[in-house]
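When the letters of the sequence shown are read in order and numbered with mature numbering (1 follows the signal peptide of the UniProt record, and there is no 0), they come out as residues -19 to -1, 1 to 541.
Data first, discussion second: the structure below is written as structure tokens.
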Amino acid sequence: MRSTALIALLPLLATLATARPHDHHHSHKHDRDHGLQRQRKTLSFGPKHGHASFETIDTPVVPLGIDVGGLVDVDPKEVARAFIAHKIGGNEGESFYLREDTYTDPRTLITHIYARQLINGLEVSDGDINVNIDRDGRVLSWGNSFHPGPAPSAFDLDTSSDETEHVCEQLKTTISAHKAELASLKGDEGAWGFVKAAAEMVLGGLGGERKVTDEAQIRKVRQTLKHAKHHYKAVCKGDVAAASSEKMLAPVDALLALLPRVAVDHDLVEDLDHGDFASTPHHSLKPKAAPAEPPTEVISGPGLAKAGVLSDVPARLMYTQTSTGAPRMVWKLDVEMQHNWYEAYLDVATGELLRIVDWANDLSWDTPTGDNKVEAKKGGKQKPLPSPPKKLEPYTYQIFPWGVNDPLTGNLSVVTKPWDTVASPLGWHVIPTSANPWNAKIPGMNVTGNTTTFYTTVGNNVIAHEDWEGQNNYLLNYRPVNDSMVFAYDYGEADGLAPKEYADMVITQLFYTSNMYHDLLYRLGFDEISGNFQVSNHGLGGKGGDPLIANAQDGSGYNK
């Protein structure tokens, strides 16, 4: 009788479970519960190159036309030129050029050659070949993403690429798949989950075994689904700019076509027009590797700030590949925004967004559960060490040492001169004066002849500081200064202090960890000639002038 009564009430239970009062704040709480309240909007997509390949050559070969007999030194670039020309049926300067980042590894004496494809005298942005050549001039392996088909006509701007339709169909499929996965994961949630649970409780398992909800996976699918919907709205529902009477969009036209897709607030850009921008060609005495490429256009004007763009936008004319057809002529735009740094490729004829990369990325993790849960040390949150003794050696840091990934699972330590003298021969605080990026003296800087010492978190590998405003204005941002070279500060998070109140320790931690990683990668082969990041390369090759800029407590992303 009891079972019969419950079964009769099941439809009513379902109705009651769904008919709750409307809560104006529900959507916000829902987002907070799933970690989405601060999710950054981003776009990143592009064609997949099914023709791309990589080949390891079992018996290394010397290209035809290259004579290495009796030679002590073989020019690997000549070997690469002959090899690439043979493989693609085109010559250097017409079909490809060798990039400047080609280098020889001093440990293995293997030379890594990088080539970029040319079509009609313009670069193909995603057409690359890499060739690896040993000391004897033999090709060991090579990779190729050159467009393999015929080159398009430079004057054929009338046809559409169909790339937008292709991308939108893929996005529809992706969204449908994620919705189905989300429904499967949620399973017993909602009204009928409530009914099923009631049936199981009263009827003793009538509803079958209750599914365990994977909350972490649900959050991941929700985030991915939200990104996919944002992509679809930006790419598939926006108006595509029409080509001008000259059949080719100007750089400002391309930017106007892009901004509605990437702006945080669409209302900020809907009234922008040509009058809000200026485009100026940037001339250089250095010839471009692509012989037909015109001078880079630099877009400026008040419209950039209105759209949330932080700096002038360079625009280059080139080609980019598509999913199915021939490469398309595009404007490549580099757009720096507060939360994104986009590299976008827009069709010069249609304004279609064919490819876009966001160089800003998101790191997220879920709270471990079950067997994977990390237990905190006894006593709960990490307590800071007492204030350090007054007499410590110079170059001392109080930090969570390398290997401690979470303050809850490790202790603060005091370390002195932790650098690797091979990777950082001048230590972490000294650079040659000739390489100093500051024209004027800053707090903690001391120039002594040919060397400049920084009594702060600045050095040859890393420049660390706060970025509370989120503007990346690293030269003048705050960083701790200590004339004794002792960077020992308390970690106040465990005592409930606000982040800014223990910024000195956080900046020191960032400086220490980043330098340790630099030194580790150096030992693994990421050195000067390989393109690592240093102010000065000490005459060991590479370009230099590119230290790591490390922003602590970035105002665009931390919880204030």
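Where a beta carbon is used, it is the ideal one built from N, C-alpha and C, also for glycine.
Contacts around ALA273, its chain only, beta-carbon distance under 7 Å, and the 5 residues preceding and following it disregarded: ASN101, GLY102 and LEU103
Along the chain, where does the alpha helix (DSSP H) containing PHE64 start, and where does it finish? 57 to 69
Check whether ASN111 and LEU121 have beta carbons under 9 Å apart: no
Taking only three categories from DSSP, how would you classify ALA235? helix
What are the complete beta strand (DSSP E) segments, minimum 3 residues, inside the stretch 439 to 526? 443 to 447
By Cβ distance, which residues of its chain are closer than 6 Å to LEU240, with the 5 residues on each side in sequence left out? VAL250 and ALA288
Pull up the distance between the alpha-carbon of GLY525 and that of VAL338, whole angstroms please. 25 Å
Buried or exposed: ARG116, going by 16 or more other Cβ atoms within 10 Å of its Cβ? exposed
For ASP328, count neighbouring Cβ atoms within 10 angstroms of its own Cβ and tell me buried if that reaches 16, exposed if not. buried
Hey, ILE380 and TYR300: beta-carbon distance below 9 Å or not? no
Which residues mark the beginning and the end of the alpha helix (DSSP H) in which ALA286 is found? 283 to 287
In three-state terms, what does DSSP make of LYS153? helix
Please state whether DSSP places THR331 in a helix, a strand or coil. coil
Answer yes or no: does any C-beta atom of chain B fall closer than 9 Å to that of LEU529? Here chain B cannot be found, since the structure has a single protein chain.
Is LEU298 helix, strand or coil by DSSP? strand
Would you tell me roughly how many angstroms separate the C-alpha atoms of ILE280 and PRO232, rounded to the nearest one? 8 Å
Looking at C-alpha atoms only, which residue of ASN431, TRP449 and ASN417 is the closest neighbour of VAL439? ASN417
With DSSP as the reference, identify every bridge partner of MET318, one or two as the case may be. VAL290
Kindly indicate which residue of GLY391, GLU333, VAL467 and MET497 has the alpha-carbon position closest to the one of PHE435. VAL467
How about the stretch 78 to 96 and the stretch 509 to 528: do they share at least three Cβ pairs that are nearer than 8 Å? yes
Going by beta-carbon coordinates alone, are ASP107 and THR305 separated by less than 9 Å? no
Could you work out which residue in LEU298, LYS153 and ASN392 is closest to GLY384 when comparing CA atoms only? ASN392
Backbone secondary structure at SER34 - three-state DSSP: strand
Assigned secondary structure, ASP248 (DSSP; H/G/I helix, E/B strand, else coil): helix
Where does PRO528 sit, in a helix, a strand or coil, going by DSSP? coil
Touching by the beta-carbon criterion (3+ pairs, under 8 Å), the stretch 313 to 327 and the stretch 21 to 29: yes
For ALA417, report the span of its beta strand (DSSP E) as first-last. For the record, residue 417 in the displayed sequence is Asn; it is not Ala. Run containing ASN417: none; DSSP gives neither H nor E here.
Would you kindly report the start and end of the unbroken beta strand (DSSP E) that includes ARG92? Reading off the sequence shown, one finds Thr at residue 92, where the question assumed Arg. It spans 92 to 100 - the beta strand (DSSP E) in which THR92 sits, taken as one unbroken run.
Outcome for ASN427 when other beta-carbon atoms lying within 10 angstroms are tallied against a minimum of 16: exposed
Enclosing beta strand (DSSP E) for ASP107 [first to last residue]: 103 to 114
Assigned secondary structure, ARG80 (DSSP; H/G/I helix, E/B strand, else coil): coil
For LEU206 and GLY332, I'd like the C-alpha separation in whole angstroms. 26 Å
Rounded separation between ALA235 and TYR326 - CA only: 9 Å
By how many angstroms is the C-alpha of GLY130 removed from the C-alpha of GLY77? Checking the sequence shown, residue 77 turns out to be Phe, not Gly. Distance between the alpha carbons of PHE77 and GLY130 is about 15 Å.
Give the DSSP-derived three-state secondary structure of THR256 in the structure shown. Checking the sequence, you will find Gly at residue 256 rather than Thr. Residue state, collapsed to three classes: helix.
Assign VAL216 to one of three DSSP states: helix, strand, or coil. helix
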